[in-house]
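Asker: Quick one: the structure is below, and I'll ask about it shortly.
There are 2 protein chains.
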Amino acid sequence: MNTHVVIMAGGVGSRLWPVSTPEKPKQFIDLLGIGKTLIQMTLERFSPVCELSNFWVVTSEAYVDIVREQLPQIPKSHILAEPEPRNTAPCIAYACWKIHAESPGANIVVTPADALVINVQKFAAAIRKALNFTEGTNNIVTVGIEPSRPETGYGYIQAEERKPDEIVKVMEFKEKPDIETAKAYLSAGNYFWNAGIFVWSCKTIISELRTHAPQIAGIMDRIAASFGTWKEKETLDELFPTCEKISIDYAVMEKSKDIHVIASDLGWSDLGSFSSIKEHIPMPEEDPVPDGGAAKAIEGDNKVIGQDIRLFGCERCLIHAEDARTVVVSGLKDYIVAVKDGNVLVCPISEEQMIKEYSAIHPDKTKKV
Amino acid sequence: MNTHVVIMAGGVGSRLWPVSTPEKPKQFIDLLGIGKTLIQMTLERFSPVCELSNFWVVTSEAYVDIVREQLPQIPKSHILAEPEPRNTAPCIAYACWKIHAESPGANIVVTPADALVINVQKFAAAIRKALNFTEGTNNIVTVGIEPSRPETGYGYIQAEERKPDEIVKVMEFKEKPDIETAKAYLSAGNYFWNAGIFVWSCKTIISELRTHAPQIAGIMDRIAASFGTWKEKETLDELFPTCEKISIDYAVMEKSKDIHVIASDLGWSDLGSFSSIKEHIPMPEEDPVPDGGAAKAIEGDNKVIGQDIRLFGCERCLIHAEDARTVVVSGLKDYIVAVKDGNVLVCPISEEQMIKEYSAIHPDKTKKV
Numbered sequence: 001m002n003t004h005v006v007i008m009a010g011g012v013g014s015r016l017w018p019v020s021t022p023e024k025p026k027q028f029i030d031l032l033g034i035g036k037t038l039i040q041m042t043l044e045r046f047s048p049v050c051e052l053s054n055f056w057v058v059t060s061e062a063y064v065d066i067v068r069e070q071l072p073q074i075p076k077s078h079i080l081a082e083p084e085p086r087n088t089a090p091c092i093a094y095a096c097w098k099i100h101a102e103s104p105g106a107n108i109v110v111t112p113a114d115a116l117v118i119n120v121q122k123f124a125a126a127i128r129k130a131l132n133f134t135e136g137t138n139n140i141v142t143v144g145i146e147p148s149r150p151e152t153g154y155g156y157i158q159a160e161e162r163k164p165d166e167i168v169k170v171m172e173f174k175e176k177p178d179i180e181t182a183k184a185y186l187s188a189g190n191y192f193w194n195a196g197i198f199v200w201s202c203k204t205i206i207s208e209l210r211t212h213a214p215q216i217a218g219i220m221d222r223i224a225a226s227f228g229t230w231k232e233k234e235t236l237d238e239l240f241p242t243c244e245k246i247s248i249d250y251a252v253m254e255k256s257k258d259i260h261v262i263a264s265d266l267g268w269s270d271l272g273s274f275s276s277i278k279e280h281i282p283m284p285e286e287d288p289v290p291d292g293g294a295a296k297a298i299e300g301d302n303k304v305i306g307q308d309i310r311l312f313g314c315e316r317c318l319i320h321a322e323d324a325r326t327v328v329v330s331g332l333k334d335y336i337v338a339v340k341d342g343n344v345l346v347c348p349i350s351e352e353q354m355i356k357e358y359s360a361i362h363p364d365k366t367k368k369v
Numbered sequence: 370m371n372t373h374v375v376i377m378a379g380g381v382g383s384r385l386w387p388v389s390t391p392e393k394p395k396q397f398i399d400l401l402g403i404g405k406t407l408i409q410m411t412l413e414r415f416s417p418v419c420e421l422s423n424f425w426v427v428t429s430e431a432y433v434d435i436v437r438e439q440l441p442q443i444p445k446s447h448i449l450a451e452p453e454p455r456n457t458a459p460c461i462a463y464a465c466w467k468i469h470a471e472s473p474g475a476n477i478v479v480t481p482a483d484a485l486v487i488n489v490q491k492f493a494a495a496i497r498k499a500l501n502f503t504e505g506t507n508n509i510v511t512v513g514i515e516p517s518r519p520e521t522g523y524g525y526i527q528a529e530e531r532k533p534d535e536i537v538k539v540m541e542f543k544e545k546p547d548i549e550t551a552k553a554y555l556s557a558g559n560y561f562w563n564a565g566i567f568v569w570s571c572k573t574i575i576s577e578l579r580t581h582a583p584q585i586a587g588i589m590d591r592i593a594a595s596f597g598t599w600k601e602k603e604t605l606d607e608l609f610p611t612c613e614k615i616s617i618d619y620a621v622m623e624k625s626k627d628i629h630v631i632a633s634d635l636g637w638s639d640l641g642s643f644s645s646i647k648e649h650i651p652m653p654e655e656d657p658v659p660d661g662g663a664a665k666a667i668e669g670d671n672k673v674i675g676q677d678i679r680l681f682g683c684e685r686c687l688i689h690a691e692d693a694r695t696v697v698v699s700g701l702k703d704y705i706v707a708v709k710d711g712n713v714l715v716c717p718i719s720e721e722q723m724i725k726e727y728s729a730i731h732p733d734k735t736k737k738v
């Protein structure tokens with residue numbers, strides 16, 4: 001099989017400040033303190049279904065060197081730099097036009113760089129099943145995640161029926177719901193979290209984009225005419241930013257007929273918040289941290305990442321301080337303490353949705369007496 | 370007048386971790402965020418009463434370069450390095466034997482490097498009065514601080530009578546009291562905090578040490594025989610560590626007759642704890658921070674030191690983070706957050722007496738699940 005994997009690695013992760021910053025966002029960080037960055041874990045997760053030479057990464061210019069450093073196994077020519085972020089549809093289009101030029105019969109998986117999957121064998125089996133289903137066909141398969149709670153932070157995929165680990169038709173993509181709707185989805189049983197993972201052949205993607213996003217497809221044709229010439233970068237820099245800024249979900253998935261979903265209980269998380277990180281830091285007895293990992297669970301339901309974290313009377317806290325020397329925290333309950341590159345966050349877990357704002361705010365905004 | 374000032378700068382300040390560390394203890398730090406370190410403020414405070422060429426600093430070998438850097442105005446030969454700390458009596462003896470070799474008729478003030486005085490003009494007047502009283506006599510004068518609260522963390526000086534800003538006889542030196550005793554001292558009115566500042570002539574110190582601490586005086590005589598020779602450092606390194614380890618209070622003050630005290634309301638603090646730092650960070654309207662200073666008072670009775678400190682819903686906190694980039698703190702009441710050199714402390718102000726222990730504890734002592 002001629003399988004290619006496209007890893008989208010352009011995100012910023014601003015809800016995880018100061019651990020994730022625009023200089024080095026979450027996909028390039030060992031968020032769980034286990035000795036591997038999220039993009040390295042993503043490569044590892046897909047390596048059972050794809051040759052290393054068939055991996056591609058789409059990222060921004062600023063992160064190309066980080067990708068080369070963290071994924072030295074993949075071809076340098078497969079690290080694609082977007083001149084500016086235009087959401088996922090242009091990102092995926094660019095990668096697929098590039099793959100098409102090399103290998104028009106390719107069968108493709110597109111995945112975010114920064115999610116966590118616990119059940120990696122089950123995951124690889126689901127991806128294989130999807131690839132078999134799309135190979136040489138016009139089928140599109142998305143990966144659905146069996147919801148474990150009425151989460152309001154994710155989009156949902158409504159399947160025609162509930163058939164775990166089987167490929168079934170998608171009825172509708174659903175926006176992030178309110179809590180009542182999320183509860184209804186959960187009890188209905190045929191709604192799954194949209195993990196942003198898509199499987200389809202190169203020809204199918206291109207054909208779908210020509211149909212549903214002709215502006216983007218037209219630009220890609222013009223960029224593709226320069227592939228391999230000295231004008232490639234110049235053309236890309238000129239034309240890519242003129243693409244419509246739109247997600248692949250809006251541009252294609254919600255318009256396309258015959259989308260399928262394979263839904264599984266994969267132990268998936270987008271690791272988009274400190275509380276999800278806290279939840280997934282492994283407890284020693286259940287999933288030992290490899291030697292060299294800096295994550296630990298500490299009495300009082302605390303989770304810590306760092307070389308020398310000392311807690312006194314703390315409960316249910318997350319201390320994320322990999323590059324700190326010694327961190328002493330006393331008397332906090334349900335708090336996040338995060339330290340990175342000389343920045344410090346001390347914030348109740350219940351306020352974590354405010355972190356983006358707190359860290360973005362201009363210093364003059366804090367009131368002085 | 371032939372006045373000399375000896376600044377004792379050997380302390381470690383372990384109750385202020387991580388701001389004060391053995392690598393760079395509190396006397397060498399801009400603890401109040403006003404653009405000057407404590408030892409620089411001490412030099413400035415005494416400069417009205419003493420030529421710059423008559424200042425001396427006794428410190429440990431490890432801090433000699435820091436002293437040279439922070440006090441470039443004073444002669445290099447006046448920066449004395451103790452081979453090891455032996456408390457204040459050997460420290461003062463060493464400085465006085467050195468001064469005696471240069472200037473036997475000197476009149477001397479001995480002071481710690483790391484205290485704060487707000488009322489600097491009143492302070493200079495008190496020191497001048499004490500120097501006039503000791504010039505060419507055997508008198509010894511200590512500086513007493515009018516207590517503002519029943520403090521249990523300082524030693525006290527009991528004066529024969531209460532005469533603010535006048536020199537009166539000392540009845541007794543008192544150890545750190547319990548709270549009931551401290552309250553009794555406060556209401557009695559003739560008990561003053563012992564600031565560790567002593568004024569006396571060089572001849573008086575040497576004579577008192579010969580009488581009450583002959584072991585130390587004998588060693589100093591042997592070291593002094595090598596002054597100015599190539600054997601000076603070797604002799605010092607060999608003999609100084611054999612001195613009895615004892616404070617000047619025990620060795621001399623409590624045994625000597627005719628000790629006097631000049632007691633004043635000087636706005637003095639030993640800045641020995643974060644709460645004392647918090648108290649003395651100036652409010653903008655009462656004592657504006659000079660340009661370039663990083664200290665601010667922020668709504669909610671918070672005090673902050675740092676370039677970009679952002680508080681949300683915090684009350685009565687001290688954030689001390691001069692070398693941090695951005696610090697975000699939310700929802701804390703009565704807390705200390707201190708950041709320095711990659712170390713972080715988050716601790717209730719009410720637990721500040723535990724900081725020394727928390728920061729010294731071996732990491733293996735924190736319990737893991």
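Top to bottom, those sequences are chains X and A.
Position 193 of the first sequence, counting from 1, maps to 193 under the working numbering, and the rest follow consecutively.
Position 155 of the second sequence, counting from 1, maps to 524 under the working numbering, and the rest follow consecutively.
Where a beta carbon is used, it is the ideal one built from N, C-alpha and C, also for glycine.
Because the structure is a prediction, the values reported are computed rather than measured.
In angstroms, rounded to a whole number, what distance separates the CA positions of A263(X) and L239(X)?
Answerer: Rounded to whole angstroms, A263(X) to L239(X) spans 37 Å at the Cα level.
Asker: Look up D50(X) in the DSSP assignment and say whether it is helix, strand or coil.
Answerer: Sequence check: residue 50(X) is Cys here, not Asp. Coil, per DSSP.
Asker: Residues in the segment 489 to 517 of chain A with C-beta within 8 Å of chain X's C-beta atoms, listed in sequence order?
Answerer: Under the 8 Å Cβ criterion, the segment 489 to 517 of chain A contributes no residue.
Asker: Give me the chain A residues within the contact set of N190(X), using Cβ-Cβ distance strictly less than 9 Å, ordered along the chain.
Answerer: Under the 9 Å cutoff, chain A gives no residues; its nearest Cβ is about 38 Å from N190(X).
Asker: Of all Cβ atoms in chain X, is any one closer than 8 Å to the Cβ of D710(A)?
Answerer: Output row for D710(A): interface = yes.
Asker: CA-CA distance, S247(X) and L701(A)?
Answerer: Spanning the two alpha carbons is a distance of roughly 40 Å.
Asker: Could you give the first and the last residue of the continuous beta strand (DSSP E) run that contains Y704(A)?
Answerer: That run of the beta strand (DSSP E) goes Y704 to K709.
Asker: In angstroms, rounded to a whole number, what distance separates the CA positions of A125(X) and P48(X)?
Answerer: One C-alpha to the other measures close to 9 Å.
Asker: Quick one: residues in its chain with C-beta nearer than 6 Å to the C-beta of Y554(A), no 5 flanking neighbours on either side, listed in chain order?
Answerer: For Y554(A), where only same-chain residues beyond five positions count, the Cβ hits under 6 Å are Y525 and Y560.
Asker: Hey, how far is the Cα of P214(X) from the Cα of G711(A)?
Answerer: Cα to Cα, the separation comes out at about 52 Å.
Asker: Using the Cβ count rule (16 or more neighbours within 10 Å means buried), how would you classify S422(A)?
Answerer: Classification of S422(A): exposed, given that the 10 Å Cβ count is below 16.
Asker: Between Y94(X) and chain A, is any beta-carbon pair separated by less than 8 Å?
Answerer: It does not: the Cβ of Y94(X) has no partner Cβ on chain A nearer than 8 Å.
Asker: Does any CB atom of chain A fall closer than 8 Å to the CB of L32(X)?
Answerer: Cβ-Cβ to chain A under 8 Å: no for L32(X).
Asker: Contact defined as beta carbons within less than 8 Å: I believe L407(A) pairs with K395(A). What is the distance between those atoms, to the nearest angstrom?
Answerer: Going by Cβ atoms, the distance from L407(A) to K395(A) rounds to 6 Å, so yes, they are a contact pair.
Asker: Can you list, in chain order, the residues of the segment 693 to 704 of chain A whose Cβ is nearer than 9 Å to any Cβ on chain X?
Answerer: The residues in question are A693, R694, T695, V696, V697, V698, S699, G700, L701 and Y704.
Asker: Note down the Cα distance separating P18(X) from K24(X), rounded to an integer number of angstroms.
Answerer: Looking at the two C-alpha atoms, the distance is approximately 10 Å.
Asker: Run the CB neighbour count on E721(A), radius 10 Å, all protein chains shown included, and call it buried at 16 or more, exposed below.
Answerer: By the 10 Å Cβ count, E721(A) comes out buried.
Asker: Measure the C-alpha to C-alpha separation of D547(A) and G13(X) and round it to an integer number of angstroms.
Answerer: One C-alpha to the other measures close to 53 Å.
Asker: Only counting the same chain, and skipping five residues up and downstream in sequence, which positions put a Cβ closer than 7 Å to that of P22(X)?
Answerer: Counting only Cβ-Cβ distances below 7 Å, and skipping sequence neighbours, we find V12.
Asker: Roughly how many whole angstroms lie between the Cα atoms of K626(A) and D334(X)?
Answerer: If you take the alpha carbons of K626(A) and D334(X), they lie about 60 Å apart.
Asker: Leaving out five residues before and five after R45(X) in sequence, what residues of the same chain have Cβ atoms less than 7 Å from its Cβ?
Answerer: Only V117, V120 and F123 meet the Cβ criterion.
Asker: State the start and end residues of the unbroken alpha helix (DSSP H) segment that holds F796(A).
Answerer: Past the boundaries of the shown model lies residue 796(A); chain A is included only from 370 to 738, so the question cannot be answered.
Asker: So, does the CB of F274(X) fall closer than 8 Å to a CB anywhere in chain A?
Answerer: False, the Cβ-Cβ gap to chain A never drops below 8 Å.
Asker: Quick check: the segment 134 to 142 of chain X against the segment 202 to 209 of chain X, are there 3 or more CB pairs under 8 Å?
Answerer: Yes, the segment 134 to 142 of chain X is in contact with the segment 202 to 209 of chain X.
Asker: Do you know whose CA, among I566(A), F502(A) and S728(A), lies nearest A484(A)'s CA?
Answerer: Cα-wise, what sits closest to A484(A) is I566(A).
Asker: Taking Cβ to Cβ, would you say K169(X) is nearer than 8 Å to E160(X)?
Answerer: Against a cut-off of 8 Å, the Cβ pair of E160(X) and K169(X) comes out as a contact.
Asker: At 8 Å on the CB atoms, spell out the chain X contacts of P717(A), in chain order.
Answerer: Neighbours of P717(A) on chain X, chain order: S330 and G331.
Asker: Quick test of your reading: V696(A) and I678(A), contact by CB under 8 Å. State the CB separation rounded to the nearest angstrom.
Answerer: Indeed, because the Cβ distance is near 5 Å, the residues count as touching under 8 Å.
Asker: With 16 as the cutoff for other CB atoms within 10 Å, does S269(X) come out buried or exposed?
Answerer: When all chains shown are included, S269(X) counts as buried.
Asker: Looking only at its chain, what residues have a beta carbon closer than 6 Å to the beta carbon of W97(X), apart from the 5 residues adjacent to it on each side?
Answerer: Here the set comprises M220 and A224.
Asker: My guess is that V344(X) and A693(A) are in contact by the Cβ rule of under 8 Å, so how many angstroms apart are they, rounded?
Answerer: Confirmed, Cβ separation roughly 6 Å.
Asker: Quick check: is the beta carbon of L714(A) nearer than 8 Å to any beta carbon in chain X?
Answerer: L714(A) counts as touching chain X.
Asker: Hey, could you find the ends of the alpha helix (DSSP H) T604(A) is sitting in?
Answerer: Where T604(A) is concerned, the enclosing alpha helix (DSSP H) stretches over E601 to L608.
Asker: What runs of the alpha helix (DSSP H), each 4 residues or longer, lie entirely inside the segment 539 to 620 of chain A?
Answerer: For the segment 539 to 620 of chain A, whole alpha helix (DSSP H) runs of length 4 or above, ordered along the chain, are 548 to 557, 571 to 581, 583 to 593 and 601 to 608.
Asker: Does the CB of E322(X) have a neighbour CB from chain A at under 8 Å?
Answerer: False, the Cβ-Cβ gap to chain A never drops below 8 Å.
Asker: What is the rounded straight-line gap between the Cα of I66(X) and the Cα of S20(X)?
Answerer: Roughly 14 Å separates the two Cα atoms.
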